[in-house]
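S.K.:
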Amino acid sequence: MPAAALPLQRTFGLGGAAAVLFLVLAVTGALLLVTYEPSPERAFVRNAHHWAANGLVLVTILHLLRVFYRGGHLPPRKGNWFVGVALLLLVVACAFTGYLLPWDQLAYWAVTISTGMLEYVPVVGATMLRAVRGGPDIGPATLARFFVLHVAILPIALLLLLAFHFWLVRKVGGVILPADVGDPAAPRGPLVLTSPDLTQREGAAAMVVFAAVMLLAAVWNAPLLAQANPGMSPNPAKAPWYFMGVQELLVHLHPAFGAVAVPLLALGLLVALPAIGGGERPSGRWFGSPRGARLALAAAALAAVVTVAAVVANEPLRRARPWFPGLTPAVREGIIPLAVAVILVAVVAWASRRRGGTRIEVVQAAFTFVAASFVVLTVVGVFFRGQGMALVMP
Amino acid sequence: MSTVPSIEPRAPARRDFLGRLGKGLGILAAVEVLAVVVAYLAPSKGGAGRGAGLVVAGPVGEFTPASVRPFPAGKFYLVRLADGGFLALSSKCTHLGCTVPWNQKEQVFPCPCHASTFDQRGDVLAPPATRALDLFPVVIQGGIVKVDTSRRIERARFEPAQVTYL
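Going line by line, the protein sequences match chains R and Z.
Residue numbering for the first sequence follows my numbering, beginning at 986 and increasing consecutively.
Residue numbering for the second sequence follows my numbering, beginning at 1156 and increasing consecutively.
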């Protein structure tokens, strides 16, 4: 294999870390299956499962960003990008179905809210909601459904797709490398033996990840609130952190947009990235070039300013009398904000083009704007929302 | 010089027929299996909307005008408006289904999940909720207020016809 593929900053070992976390989850999950009854003595295994699950969601997102900002989503790695997006959805689905199993207040209400979003899917929403819950409300039927998804169907799907993901990486000749590592005689630079040069590094990285999970599990207990109480929502009732961006959107937007249209558009953007960013060979460098990095950074900074301003400005506005009483809520709180967001993305793309960005860099800046806005919304939701979901200092 | 042999459309032979028959039966079998799976997983119909049924709230005199009394077991609030009329408001937020508390000081139902706010009559004061809190029918028999929690009435906004008087 190429020696140039070895340095840590090439990938930060994020894919490997995700694989290790999956193994930790499989083992701790199997242990939990044997004793699916909450008791303090078994807390360590549950803690490890909890922290590894949160870590897996985080690491999978970081891995996706790493691949994107090095051009790993473009041909010849395009197919594997789609597999990766599917894996991200599976990881989130696993985390989400696992969320209900503790059957505490957090579980009950987070799942009530998240499944409730299905009601706003046009035409088939009500049927989908009943099918997912196994009834009109969260109950024993929901628990049974989520349990079998969490311990059998989703992990098996994840394992099969993960194997395919690895195989596609191998097939394309490993990780993406900058064009300047080699010379005409040896385009991929000097070669080294995969074992021990790579395997030892991966082994060390795996041990670091494993140690981190064990340490977290030993120090911090996974939260367990009071038993689920359908008569009282906790105040504030917050979803897991990876859904807080969507929950924050739901405070501001019409539910059909916050719950259905915007998440679907975001997923569509992820899937469309290889197609709209193509036309050039990726350089294999971070952000394509120093100019690409500057444009992405500017887009992220703009996103932070615009999103914070919008969140703060909307706080008094949404409690005031509607500005255009003639407009329906779907237009006032759905179509207009969405149109403004699309125009902002277009402006970012146009400005990047004006500053000499290549097509890859323009798409990268536009995506960065969207992704950074979502990160800001998540941070606002997690840290700056208090009682009654009012804006507060953390 | 050679001529291209013309390709005559062949009459469907017995083998084609059997092949199609096999495919058709295969699809039929797959649909049947799917139907069995769907029927097995479909939520049971019974008990779905039935709920706890009729809840006896108490004698009319117990409820002072302009007051809100929670009935957690029935998942509703019995509201007596200032003019003496009764409304049974579902405590389930119409946005995404959280249970709304009653804030006596500010006289509103603020949802703890996405900050929707409803007034005493269940009307939306602040989005993201798009419609007023659901109602349950109120019946007053012999001076006793009863609420039928098995019949959930969805509505867009408050209308005077929804209020039950003595």
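Using N, Cα and C, we set each Cβ at its ideal position, and we do this for glycine too.
Measure from the alpha carbon of Z:Ser1222 to the alpha carbon of each residue in Z:Gln1317, Z:Ala1228, Z:Tyr1232, Z:Gly1213, then state which is nearest.
M.R.: Residue numbering aside, residue 1222 of chain Z sits at position 67 when the second sequence is read from its first letter. Per the Cα distances, Z:Tyr1232.
S.K.: Please classify R:Gln1232 as buried or exposed, where buried requires at least 16 neighbouring CB atoms within 10 angstroms.
M.R.: As a working mapping, residue 1232 of chain R is identified with position 247 in the first sequence. It counts as buried.
S.K.: Which of the three DSSP states is assigned to R:Gly1014 in this structure?
M.R.: The count along the first sequence starts at 1 and reaches residue 1014 of chain R at position 29. In the structure shown, R:Gly1014 sits in a helix (DSSP, three-state: H, G or I).
S.K.: Can you name the residues that DSSP bridges to R:Phe1053?
M.R.: As a position in the first sequence, residue 1053 of chain R is number 68, starting the count at 1. BP columns for R:Phe1053 are empty, so no partner.
S.K.: With 7 Å as the limit, tell me which residues of the stretch 1184-1196 of chain R have their beta carbon closer than that to any beta carbon of chain Z; keep them in chain order.
M.R.: The stretch 1184-1196 of chain R vs chain Z, Cβ under 7 Å: nothing.
S.K.: For R:Gly1110, does the three-state DSSP call read helix, strand or coil?
M.R.: As a position in the first sequence, residue 1110 of chain R is number 125, starting the count at 1. DSSP places R:Gly1110 in helix when its eight states are reduced to three.
S.K.: Taking the alpha-carbon positions, what's the Z:Val1192 to Z:Ala1185 distance?
M.R.: One-based indexing of the second sequence puts residue 1192 of chain Z at position 37. One-based indexing of the second sequence puts residue 1185 of chain Z at position 30. For Z:Val1192 and Z:Ala1185, the distance between alpha carbons rounds to 11 Å.
S.K.: In chain order, what residues of the same chain have a beta carbon less than 8 Å from the beta carbon of R:Met1199, not counting five sequence neighbours either side?
M.R.: Locating residue 1199 of chain R in the first sequence gives position 214, counting from the first residue. Cβ neighbours of R:Met1199 beyond the five flanking positions: Ala1033.
S.K.: What does DSSP give as the partner residues of R:Pro987 in its beta bridges?
M.R.: What you label residue 987 of chain R is simply residue 2 of the first sequence in a count that begins at 1. The partner list for R:Pro987 (beta bridge, DSSP) reads R:Leu1176.
S.K.: Tell me the DSSP bridge mates of Z:Tyr1232?
M.R.: By one-based count along the second sequence, residue 1232 of chain Z stands at place 77. Answer is Z:Pro1225, Z:Leu1244, bridged to Z:Tyr1232.
S.K.: With R:Pro939 as the anchor, note down where its alpha helix (DSSP H) starts and where it stops.
M.R.: Within the shown structure, residues of chain R are numbered from 986 to 1379, placing residue 939 of chain R beyond reach of any answer.
S.K.: In chain B, what lies closer than 9 Å to R:Thr1082 by C-beta?
M.R.: In the structure shown, chain B does not exist; the protein chains are R and Z.
S.K.: In terms of residue numbering, what span does the beta strand (DSSP E) encompassing R:Gln1185 cover?
M.R.: Taking the first sequence and counting its residues from 1, the one referred to as residue 1185 of chain R is at position 200. Where R:Gln1185 is concerned, there is no enclosing beta strand (DSSP E), although the alpha helix (DSSP H) it sits in stretches over 1184-1204.
S.K.: Would you check if there are 3 or more beta carbon pairs closer than 8 Å linking the stretch 1276-1296 of chain Z to the stretch 1240-1247 of chain Z?
M.R.: Touching, per the Cβ criterion.
S.K.: Is there a Cβ from chain R that is less than 8 Å from the Cβ of Z:Ala1203?
M.R.: As a working mapping, residue 1203 of chain Z is identified with position 48 in the second sequence. The predicted model places Z:Ala1203 with a pLDDT of 44, which falls under 50 and marks its position as unreliable, so this point remains unresolved.
S.K.: Spell out whether any CB of chain Z is found under 8 Å from the CB atom of R:Leu1238.
M.R.: As a working mapping, residue 1238 of chain R is identified with position 253 in the first sequence. Yes, contact with chain Z.
S.K.: Count the other C-beta atoms from every protein chain shown that fall within 10 angstroms of the C-beta of R:Phe1081, then say buried if there are 16 or more, exposed otherwise.
M.R.: Within the first sequence, the letter at position 96 stands for residue 1081 of chain R. Label assigned to R:Phe1081: buried.
S.K.: Based on the DSSP output, what are the partners of R:Arg1031 in its beta bridges?
M.R.: Counted from its first residue, the first sequence places residue 1031 of chain R at position 46. In the DSSP output, where bridge partners are listed per residue, R:Arg1031 has none listed.
S.K.: Would you tell me roughly how many angstroms separate the C-alpha atoms of Z:His1250 and R:Asp1122, rounded to the nearest one?
M.R.: Along the second sequence, one-based indexing puts residue 1250 of chain Z at 95. Along the first sequence, one-based indexing puts residue 1122 of chain R at 137. Approximately 14 Å, taken between the alpha carbons.
S.K.: Hey, R:Trp1226 and R:Thr1363: beta-carbon distance below 8 Å or not?
M.R.: Numbered from 1 along the first sequence, position 241 holds the residue referred to as residue 1226 of chain R. Numbered from 1 along the first sequence, position 378 holds the residue referred to as residue 1363 of chain R. Yes, Cβ-Cβ distance for R:Trp1226 and R:Thr1363 is below 8 Å.
S.K.: Is the Cβ-Cβ distance between R:Ser1358 and R:Ala1288 less than 8 Å?
M.R.: Along the first sequence, one-based indexing puts residue 1358 of chain R at 373. Along the first sequence, one-based indexing puts residue 1288 of chain R at 303. In contact: R:Ser1358 and R:Ala1288 (Cβ atoms closer than 8 Å).
S.K.: If I measure Cβ to Cβ from R:Ala990 and keep anything under 7 Å in the same chain, skipping five residues before and after, which residues do I get?
M.R.: The count along the first sequence starts at 1 and reaches residue 990 of chain R at position 5. Excluding positions up to five away in sequence, the list reads Gly1159, Val1160, Leu1162.
S.K.: Secondary structure at R:Val1133, three-state DSSP: helix, strand or coil?
M.R.: Within the first sequence, residue 1133 of chain R is the residue found at index 148, counting from 1. Three-state result, R:Val1133: helix.
S.K.: Note down the Cα distance separating R:Val1293 from R:Val1361, rounded to an integer number of angstroms.
M.R.: One-based indexing of the first sequence puts residue 1293 of chain R at position 308. One-based indexing of the first sequence puts residue 1361 of chain R at position 376. The alpha-carbon atoms of R:Val1293 and R:Val1361 are separated by roughly 7 Å.
S.K.: Z:Lys1301 touches chain R at which residues, Cβ-Cβ below 9 Å?
M.R.: If you number the second sequence from 1, residue 1301 of chain Z lands on position 146. Neighbours of Z:Lys1301 on chain R: none; closest Cβ ~20 Å, over 9 Å.
S.K.: What is the residue span of the beta strand (DSSP E) that Z:Leu1209 lies within?
M.R.: Taking the first residue of the second sequence as position 1, residue 1209 of chain Z is located at position 54. Note, Z:Leu1209: beta strand (DSSP E), 1209-1214.
S.K.: Taking 8 Å as the threshold (C-beta atoms), are R:Leu1210 and R:Gln1372 in contact?
M.R.: The count along the first sequence starts at 1 and reaches residue 1372 of chain R at position 387. The count along the first sequence starts at 1 and reaches residue 1210 of chain R at position 225. No; because the gap between Cβ atoms is not below 8 Å, this pair is not in contact.
S.K.: How would you call R:Ala1004, buried or exposed, if buried means at least 16 neighbouring beta carbons within 10 angstroms?
M.R.: As a first step, residue 1004 of chain R must be located in the first sequence, where it is residue number 19. With 16 or more Cβ atoms within 10 Å of its Cβ, R:Ala1004 is classed as buried.
S.K.: For Z:Ile1295, does the three-state DSSP call read helix, strand or coil?
M.R.: Taking the first residue of the second sequence as 1, we reach residue 1295 of chain Z at position 140. Strand.
S.K.: How would you list, in chain order, the residues of chain Z whose beta-carbon sits under 9 Å from the beta-carbon of R:Met1102?
M.R.: Translated into positions along the first sequence, residue 1102 of chain R becomes position 117. Simply Leu1251.
S.K.: Assign Z:Lys1247 to one of two classes, buried (16 or more other C-beta atoms within 10 Å of its C-beta) or exposed (fewer than that).
M.R.: For this step, residue 1247 of chain Z is matched to residue 92 along the second sequence. Buried, since its Cβ has 16 or more Cβ neighbours within 10 Å.
S.K.: Return the residue from the list R:Gly998, R:Arg1031, R:Met986, R:Gln994 that minimises the CA-CA distance to R:Trp1205.
M.R.: Translated into positions along the first sequence, residue 1205 of chain R becomes position 220. The residue with the shortest Cα to Cα distance from R:Trp1205 is R:Arg1031.
S.K.: Which residues in chain Z have a C-beta closer than 8 Å to the C-beta of R:Met1113? List them in chain order.
M.R.: By one-based count along the first sequence, residue 1113 of chain R stands at place 128. Those do not exist, as R:Met1113 stays about 12 Å from chain Z at its closest Cβ, beyond 8 Å.
S.K.: Do R:Leu1073 and R:Leu1049 have their beta-carbon atoms positioned less than 8 Å apart in this structure?
M.R.: Taking the first residue of the first sequence as 1, we reach residue 1049 of chain R at position 64. Taking the first residue of the first sequence as 1, we reach residue 1073 of chain R at position 88. Contact flag set, yes.
S.K.: What would DSSP say about R:Ile1123, mapped onto helix, strand or coil?
M.R.: For the purposes of this step, residue 1123 of chain R is taken as residue 138 along the first sequence, with counting starting at 1. DSSP places R:Ile1123 in coil when its eight states are reduced to three.
S.K.: Pull up the distance between the alpha-carbon of Z:Gly1177 and that of Z:Glu1187, whole angstroms please.
M.R.: Taking the second sequence and counting its residues from 1, the one referred to as residue 1177 of chain Z is at position 22. Taking the second sequence and counting its residues from 1, the one referred to as residue 1187 of chain Z is at position 32. Distance between the alpha carbons of Z:Gly1177 and Z:Glu1187 is about 15 Å.
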